[in-house]
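Our numbering applies: residue 10 is where the sequence shown begins, and numbers increase by one. What follows is one structure encoded as structure tokens, with my remarks underneath.
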Amino acid sequence: MTDLKKMTVAASGKLRQVAYDILNENTKLLSWQQGGRVPAEQFDAWLAEAEGLYSIGNIKVDEALLAKAPKLKVIAQASVGYDNIDIAACTARGIAVGNTPGVLVDAVADLAYGLILDSARSIARGWQHVESGKWGEHKGLGFGVDLAGKILGIVGLGDIGSAVVPRAQASKMQVIYHNRHQRADEAELGVRYASFDELLQTSDFVLVTVNLSSATAGMFNSEAFTKMKPTARFVNISRGQVVDTMALHDALRDGQIAYAAIDVVEPEPLPGDHPLLTLPNITVTPHIAASTVETRDAMAKLAAANILAGLAGEPLPAQVKPKD
Numbered sequence: 010m011t012d013l014k015k016m017t018v019a020a021s022g023k024l025r026q027v028a029y030d031i032l033n034e035n036t037k038l039l040s041w042q043q044g045g046r047v048p049a050e051q052f053d054a055w056l057a058e059a060e061g062l063y064s065i066g067n068i069k070v071d072e073a074l075l076a077k078a079p080k081l082k083v084i085a086q087a088s089v090g091y092d093n094i095d096i097a098a099c100t101a102r103g104i105a106v107g108n109t110p111g112v113l114v115d116a117v118a119d120l121a122y123g124l125i126l127d128s129a130r131s132i133a134r135g136w137q138h139v140e141s142g143k144w145g146e147h148k149g150l151g152f153g154v155d156l157a158g159k160i161l162g163i164v165g166l167g168d169i170g171s172a173v174v175p176r177a178q179a180s181k182m183q184v185i186y187h188n189r190h191q192r193a194d195e196a197e198l199g200v201r202y203a204s205f206d207e208l209l210q211t212s213d214f215v216l217v218t219v220n221l222s223s224a225t226a227g228m229f230n231s232e233a234f235t236k237m238k239p240t241a242r243f244v245n246i247s248r249g250q251v252v253d254t255m256a257l258h259d260a261l262r263d264g265q266i267a268y269a270a271i272d273v274v275e276p277e278p279l280p281g282d283h284p285l286l287t288l289p290n291i292t293v294t295p296h297i298a299a300s301t302v303e304t305r306d307a308m309a310k311l312a313a314a315n316i317l318a319g320l321a322g323e324p325l326p327a328q329v330k331p332k333d
């Protein structure tokens with residue numbers, strides 16, 4: 010039986026307490042709990058000894074990093090996305106990679122619905138209007154739009170998109186979707202498949218929940234925004250790289266679409282002087298879709314479980330499958 014207490018796990022940053030407790034009790038844990046980045050020299054020394062790597066998503070796991078970690082057996086990242094990890098390079102070295110799908114679905118779906126509602130009713134802008142004193146000066150904010158009766162087009166109807174569906178339907182919205190493959194449970198979900206072009210042309214709200222890949226990178230470009238209604242609202246909670254940032258800026262500036270509410274951007278974090286932030290018809294949140302206490306703890310526990318399983322030579326509870 011593998012003695013995990015003799016096995017070293019390096020963490021790329023401060024761990025949530027629940028993950029720290031699990032790994033510290035069961036392994037030889039090297040963790041930078043003071044916060045911020047681990048000094049490069051220190052982290053390199055840890056990598057040289059590590060059989061497990063707990064990533065908080067603040068590092069690039071590529072050939073250069075893997076060359077510094079010859080003993081590595083498993084990498085666990087406390088997120089669903091893993092576009093910062095070279096899966097092929099890990100697979101070639103026999104390193105298992107785990108992520109944390111499933112546990113954050115409701116938290117992300119809640120924020121997606123919140124951004125849909127904000128894009129319709131200018132909730133964030135309303136607060137800014139009050140805070141600036143304009144309301145006190147009897148200056149108007151302008152009117153929003155109803156959700157009831159509107160069409161929500163979801164691009165990427167996976168677990169998160171599916172969780173948004175009943176939230177939208179509670180507001181009496183109709184839901185259409187576009188996927189690479191049509192779903193067999195459309196009737197059960199109460200949704201209708203549409204081509205990408207049809208979705209863009211007919212949706213009042215467009216929600217993006219796709220994974221980042223070579224096929225989805227930059228899919229929302231100037232051509233896509235041109236096809237949308239001038240009254241359309243655009244919501245992105247997937248990855249910033251799915252959107253051509255300046256094409257979005259131009260579409261909002263020129264009235265090709267009415268509003269955008271996004272939780273992810275490219276670049277990230279967004280500089281305070283970025284042109285997007287000069288526009289009156291956008292809400293940007295700082296990548297907080299999964300940022301609830303319960304969800305972050307669940308993600309941390311799953312990442313820790315992935316580490317322990319990988320060190321023991323067992324299948325990971327949530328393992329990233331190598332691409333064919």
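Here a beta-carbon is modelled for each residue, glycine too, at the ideal position from N, C-alpha and C. None of these values were measured; they are calculated from a predicted model.
Item: Contact between the region 282–299 and the region 246–258 is defined here as three or more beta-carbon pairs at a separation below 8 angstroms; is this criterion met?; Value: yes
Item: Is the separation between the beta-carbon of Y186 and that of A203 shorter than 9 angstroms?; Value: yes
Item: Is DSSP giving Y91 helix, strand or coil here?; Value: coil
Item: With 16 other CB atoms within 10 Å as the buried threshold, where does N67 fall?; Value: exposed
Item: Nearest CA to the CA of F234: which residue from V217, T304 and A105?; Value: V217
Item: Within 10 angstroms of the Cβ of A224, are there 16 or more other Cβ atoms? Answer buried if so, exposed if not.; Value: exposed
Item: Do I84 and I104 have their C-beta atoms closer together than 9 angstroms?; Value: yes
Item: With distances taken Cα to Cα, identify the nearest neighbour of R348 among G165, A309 and E207.; Value: Outside the shown range of the chain, which is 10 to 333, sits residue 348, and nothing can be said about it.
Item: What residue from E207, Y29 and R248 has the CA that sits closest to P295's CA?; Value: R248
Item: Using only alpha-carbon positions, find the residue among I169, A314, D155 and K159 that is nearest to V117.; Value: I169
Item: Return the chain-ordered ranges of every beta strand (DSSP E) run that is complete within the region 43–100 and spans a minimum of 3 residues.; Value: 61–64 and 83–86
Item: Between V184 and A267, what straight-line distance do the alpha-carbon atoms span, to the nearest angstrom?; Value: 19 angstroms
Item: Quick check: the region 10–29 against the region 290–310, are at least 3 beta-carbon pairs closer than 8 angstroms?; Value: yes
Item: Sort I163, A179, E195 and A270 by Cα distance to S212 and report the nearest one.; Value: I163
Item: Select from L325, G45 and K14 the residue whose C-alpha is nearest the C-alpha of I31.; Value: K14
Item: State buried or exposed for S21, treating a residue as buried only when at least 16 other CB atoms are found within 10 Å of its CB.; Value: buried
Item: So what does DSSP say about R248, is it helix, strand or coil?; Value: coil
Item: So V273 and I246 are in contact, right, with Cβ under 8 angstroms, and what is the actual spacing, rounded?; Value: 7 angstroms
Item: DSSP three-state label for L124, please.; Value: helix
Item: Is it buried or exposed, W136, if we count other Cβ atoms within 10 angstroms and call 16 or more buried?; Value: exposed
Item: Could you check where the alpha helix (DSSP H) with L198 kicks off and where it finishes?; Value: E195 to L198
Item: According to DSSP, is H187 helix, strand or coil?; Value: strand
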